[in-house]
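I have placed the structure first, in the form of structure tokens, so that the comments after it can refer back to it.
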Amino acid sequence: MTIFEALRKDHDIQRDLLARLVETHGDSEERDTLYQQVRAELKYHANAEERALYIPMMDIDLTQEKARHSVAEHHEIDELIELLDDTDYSASHWLTHAKQLQHLVTHHLDEEEHEVFQLAGRGLQENQKSSLAKEYQEEMRRQRSN
């Protein structure tokens, strides 16, 4: 498995969780459960992805700018999560912010899959692609077990 395949697998999980989250209503147990899952998945994924993909990409001239852009998008996602954390589930604008999060994350994932992965595929060595996948998966396992 390559780093790109490992990341795509988790991207699909994030898309599914976000789609389910924006279908929830009010201060419900379902909304809380899904939001906590989304929040954790996004945090774990960003941390592991930055370590396993973006740090190596920053060492390559070809991919450095794209890596920095993607890390900046992770920070935008973090800011939106902080806004959701500070908003009551029953507030009318909670769902608006959740939909903004879904849009931002979906844009980010699509950009990674259609631009970043192709560029990184040219910049990274073949053996790196599988070793980085292992590093990413180990980091995700470590974070999910904490």
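Heads up, the sequence shown is in the UniProt record's numbering, so the first residue is 1 and it goes up one at a time.
Note that the Cβ used here is the ideal one computed from N, Cα and C, for glycine as well.
As the structure is a prediction and not an experimental result, all values here were calculated from the model.
Out of curiosity, what's the CA-to-CA distance linking residue i and residue j?
i, j, result
"residue 45", "residue 140", "7 angstroms"
"residue 70", "residue 112", "8 angstroms"
"residue 42", "residue 132", "19 angstroms"
"residue 1", "residue 138", "13 angstroms"
"residue 136", "residue 79", "23 angstroms"
"residue 61", "residue 73", "20 angstroms"
"residue 25", "residue 144", "27 angstroms"
"residue 68", "residue 121", "17 angstroms"
"residue 130", "residue 5", "10 angstroms"
One question on the structure: do residue i and residue j come within less than 8 angstroms of each other, judged by their Cβ atoms?
i, j, result
"residue 98", "residue 109", "no"
"residue 13", "residue 52", "no"
"residue 92", "residue 27", "no"
"residue 34", "residue 21", "yes"
"residue 18", "residue 124", "no"
"residue 15", "residue 81", "no"
Does the beta-carbon of residue i have 16 or more other beta-carbons within 10 angstroms, so that it is buried, or is it exposed?
i, result
"residue 49", "buried"
"residue 103", "exposed"
"residue 88", "exposed"
"residue 32", "exposed"
"residue 10", "buried"
"residue 63", "buried"
Contact defined as beta carbons within less than 8 angstroms: I believe residue i pairs with residue j. What is the distance between those atoms, to the nearest angstrom?
i, j, result
"residue 116", "residue 66", "5 angstroms"
"residue 56", "residue 128", "7 angstroms"
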